[in-house]
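Chains as they are written, first to last, in our numbering: chain E, 8 to 700; chain C, 8 to 700.
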């Protein structure tokens, strides 16, 4: 019943030749897997994916993720064939400035690219998040529909490479995928046994499918070398993909044994064809083998193009059927729920949601992590799109939406957590990197708002995924608690020092370190409002004062959303010294202010919860908070000094921490390391003296 | 034949009670696994480990790594029992400032602690490196000895937790351990099914042992709950450890089913006992169950202490036997090889090794990665202790010691790489994090010098291991190539922007970004000389000029080891502008200097390959290079501006890159992003104008 026509074969062969042409022209790129994966990619796009090239954002589409982003041509060629707007000229300008066809697929840049890939492991790891969002949305909006009948049903198809399978983040996410029994996830693993250092025998000899079975996946092997010849038995692969689709209780992986660069005459099956152009002779040889004219480049028979573009009509039909199903869903579903779906889908907030934002009473010390947990729980009833959880630190990160069920198969209900397939509390296990990658997948594939929690120190484990969220411009939210030596006895392995600077260095990531509970509330408000880039909130373990807003000279916490603001201005004249603090150190600045003012030095305290948000303010506003004329300045932060010279200037002083912490109670550490109100006051005196000398 | 006396049992029970006492006193810590792992840890230290508490650095010892560092008491109690100098008073000052017993075990702080652990996964991952160094040393110095007969033979024992088994870095390293057939690695996995979020069923339901079988490990299960009662069948565990020891062709993992916090009366088997003190009543209950006086704390029967301390005599005997074997090895081994061993063991360099350091001719452009590869290969014959490799980017990272064999079982010889069990070229596969963790293990457990290579962008994948190397003060070497937008068409997923700032923020890590081939040579020299902290060298993909040292005003490259130096001073008077550059951007500063001097502005070019090394210079030297009086300054680096304000000051200007890159050829990118000689010259003019206004 599986039909594979000459035109199909010609199309696949054309895509190989075009891939080789594209790399040859620019002189760099990755032709090898674009050639050998051509049949698999073609099979998915032409026969399996439910997609409509005229509407790349169609909610009902199946998703395709190319985890080895370096083989971007594999995807670009199918986008070209399907009619996503990638055309021959784009193949001709592969990897060129401004082209639709950059070196690695870029989300938001090329229609049909579901996520940016290239850093290996991220695509496969985030695909798990794609499956999470699908299951949660279906559970929220169409829980009672029979399997396969809901407009909220769709599949996620992934092509993964040896590299993806070796990266730890994939191991973490794959373990979770098996645990979660993600039956709509179908992975084709390109088992070509070649990577850049040639034969993978030098470093990768494990039994991958046995490992995936151990994770609880459905596994299959399709070996195109099994006859001793290399035979691209597309029917066999098609049958395996169908089996995978029919397995709805487990994620599926198909190990597809290919020969990289097939049928390149001399370079197939070598590391050499992975990331280099074929060269004139080899390319000509390839074309001859496949029956193309070696003297012509970037050719495609009109008939072949017409054939492959038929996917558009099939997609339109599927889309129309889905539209009807979706309309039926709207009919049969309570209007309120439909309205909620529409609202979430538009990325809008419900009317009055901010009324739920808590304000915290002054005078009671509270850790900012606890305040964060209270804010999450206050907003949760208003924002069903908000969900998240922790990498096994739920109680410490205060990330749990109380009373909500856990996102888990029901059989994994425990004494502490009641499970539901569409639950709202995420449990990542001790897998910080996968947590971040999965949240990336959730927010890339839906307008759900998701967060992950861990200790700030473990943001180090998450950096590749954090960076990718910033690069994609997606609103992943990171909750990072235990933000400094203030965590105390757990010692230097757990005490962040350089993490704040390292995170602030990431373009397009906003880092927010609120000073008190009310700044936390304002931070969450703005973080939720931001929908085009990621944000991370950095929270204390230890209690900090809740400042008396509107009293004693303390400004409104609403100013926190400006990133930096005058928390408490000089009480005895125009400020001569400015003390800038973040997070738990703002209280030290406030204490030092009293000391300096008692000495007759008018002193301003600036709370700077987010350097990025402050930078985004107008020059006028920034001048208002940090007047150029006031050069006596101190920055206090229990973290690396890196970056603070910019704000305090040549005559400023820093009360910071440029070495590792230690294991002791936090008060001892602050004192031993000289992060004290007295040190801030003294730094203020020193800086003032410098301005006068 | 396995004997377990009442005194043994009393010792184990004492260690449980002491662990609970210690946490109770300080009020925080992790008693749960210290209690339930007590029998296993006791069994290892008293019956299996070959160790001599009087000589914690004995080269012939077996190594023990406690991967879940939070259960530090598990280790501290065995160090106390064995007589490493940890005494009762140290248990009483658990987690207190300056104590021998910090929250997590710290390398170099407490005798008997083989590495710092706490960030989960690192211990188990680095243990693989411990096994690498053992095999390489044995192969270098006693290759022909029969198995088990060499003084270079020893085992590595690891206790690992659920958290360790979930972390991706462990997956990466465990796959390599299986591939490498590390028969001297014995892991006890504390399969207690409880983590901080309570029952691990919420996130961790994979079949761990099946996964390890897939990696090629020898696996065993010891289930102390199998009778329906919890019975700590130490004999069964002992037998499993013996099996593991006898399996010399594979690493071994024993899944030991324990009940966390056993036999705490009400809190055993809960997440609550993981990281909190028991409380008065529960602690009293525990003591009663175990036959201790609930009114007394920190008690140990003299007889029990005497019994456990007998390990010292056994260790001394083993040490003496080893000394004899080692003396015999010295006898039977060529004097030159013995001398080489002694030299490497002392961490010294061979006479005249620097004669091998290449100098590179001016006038020929060369990428710094290529220069680095040439330096490695020039030094390799002089320094057999130097070895390393790449995370599947050997050709790109230029990390291969040519002609050397790969460190691999012989069966994994491939067309490209000849394998030897004691080979010198490391292949990490696409596992950057494990690469860093394994190198940490190698250099922690030996005086071998090891390096790993990857693209700079993928340092993000390595950060937890990088940080740990800095925290431990070990000389891991990182080779990071493709250091900027200069890598070109691979685009923003591969182009570092924030990585330099993020790495420079790590305390005790030196980051070196040489400007040309001769700076590369000097950088390698100093990196090798540094033995008390890690260093990372940051290298270009693209060619850069090799400056004419000693001609045309160019200073000697030997100054590079000072971190910053005047590369080319003003030719027409005292400098009025200083242009500071790093790496490939130094050439832009040199070009800009010509432009400015043509305009009559005396201009100095400072090459700043390492901010950290420059910071370490005397104030006088720094003033010499960057005179306070010259406030017109420019820093140029194709990376985040973060950190540069410190060096250019309030009137300085920055030519940097605070956004993501793009996919295009590198010359277009430099031009489009305004990182050009003209931009540097203009910034110099602007800064000079600012000093005059």
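For each residue, glycine too, the CB sits at the ideal point set by N, CA and C.
Asked, Found
"Out of curiosity, what's the CA-to-CA distance linking residue 676 of chain C and residue 182 of chain E?", "40 Å"
"Tell me the start and end of each unbroken alpha helix (DSSP H) in the region 522-570 of chain E that is at least 4 residues and wholly inside, in chain order.", "524-536"
"Put residue 7 of chain C into one of helix, strand or coil per three-state DSSP.", "With chain C running from 8 to 700 in the structure shown, residue 7 of chain C is simply not present."
"Could you check how far apart the C-beta atoms of residue 440 of chain C and residue 175 of chain E are, in whole angstroms? I think they sit under 8 Å.", "6 Å"
"Using 8 Å as the Cβ pair cut-off and three pairs as the minimum, do the region 533-552 of chain C and the region 361-381 of chain C touch?", "yes"
"Quick one, are the C-beta atoms of residue 146 of chain E and residue 429 of chain E less than 8 Å apart?", "yes"
"On a CA-only basis, which of E:486, E:59 and E:658 is nearest residue 324 of chain E? Give me that one, please.", "E:59"
"Spatial neighbours of residue 414 of chain C within its chain, please: C-beta separation below 6 Å, excluding the five flanking residues on both sides.", "430 and 433"
"Which runs of the alpha helix (DSSP H), 4 residues or longer, sit entirely within the region 601-662 of chain E?", "618-622, 626-632 and 652-655"
"Tell me the DSSP secondary structure of residue 297 of chain C in three-state form.", "coil"
"Answer with buried or exposed for residue 284 of chain E, where buried requires no fewer than 16 other C-beta atoms within 10 angstroms of its C-beta.", "buried"
"Determine whether the beta carbon atoms of residue 227 of chain E and residue 251 of chain E lie at a separation below 8 Å.", "yes"
"Going residue by residue through the region 299-344 of chain C, where are the continuous alpha helix (DSSP H) segments of at least 4 residues, counting only ones entirely within it?", "309-316 and 318-339"
"In terms of DSSP beta bridges, what is residue 462 of chain C paired with?", "C:488"
"If the cut-off is 8 Å on Cβ atoms, which residues from the region 153-166 of chain E count as contacting chain C, listed in chain order?", "none"
"Determine the DSSP secondary structure at residue 227 of chain C, reduced to helix, strand or coil.", "strand"
"In whole angstroms, give me the CA-to-CA distance for residue 470 of chain E and residue 621 of chain E.", "23 Å"
"What first and last residue would you give for the beta strand (DSSP E) that runs through residue 573 of chain C?", "572-575"
"Quick one: is residue 424 of chain E near chain C, going by C-beta distance under 8 Å?", "yes"
"So which of E:95, E:96, E:78 and E:71 has the shortest CA-CA distance to residue 136 of chain E?", "E:71"
"Can we say the region 358-367 of chain C touches the region 97-113 of chain C, given the rule of at least three CB pairs closer than 8 Å?", "no"
"Could you spell out the range, first to last residue, of the alpha helix (DSSP H) harbouring residue 183 of chain C?", "175-187"
"Along chain E, which residues have their Cβ under 7 Å away from the Cβ of residue 653 of chain C?", "652"
"Taking the DSSP output, what are the residues bridged to residue 77 of chain C?", "According to DSSP, which records beta bridges pairwise, residue 77 of chain C is partnered with nothing at all."
"Leaving aside the five residues before and after residue 313 of chain C along the sequence, list all residues of the same chain whose C-beta is less than 8 Å from its C-beta, in chain order.", "none"
"Using a C-beta cutoff of 8 Å, does residue 649 of chain C count as contacting chain E?", "yes"
"Please identify the residue among E:690, E:666 and E:691 whose C-alpha is closest to the C-alpha of residue 679 of chain E.", "E:666"
"Just mark residue 579 of chain E as buried or exposed, buried being the case when its beta carbon has 16 or more other beta carbons within 10 Å.", "exposed"
"I want to see whether chain E comes within less than 8 Å of residue 194 of chain C, judged by CB atoms only; does it?", "no"
"By the 10 Å Cβ neighbour count, where 16 or more other Cβ atoms means buried, how is residue 38 of chain C classified, buried or exposed?", "buried"
"State the Cα-Cα distance for the pair residue 49 of chain E and residue 41 of chain E, rounded to the nearest angstrom.", "11 Å"
"In angstroms with no decimal places, state the Cα-to-Cα distance between residue 453 of chain C and residue 190 of chain C.", "19 Å"
"May I ask you to report which of helix, strand or coil DSSP gives residue 93 of chain E?", "coil"
"Which residue's Cα is closest to the Cα of residue 55 of chain C: C:19, C:249, C:495 and C:92?", "C:249"
"With 16 other CB atoms within 10 Å as the buried threshold, where does residue 696 of chain C fall?", "exposed"
"For residue 635 of chain E, is the classification buried or exposed, using 16 other Cβ atoms within 10 angstroms of its Cβ as the cut-off for buried?", "exposed"
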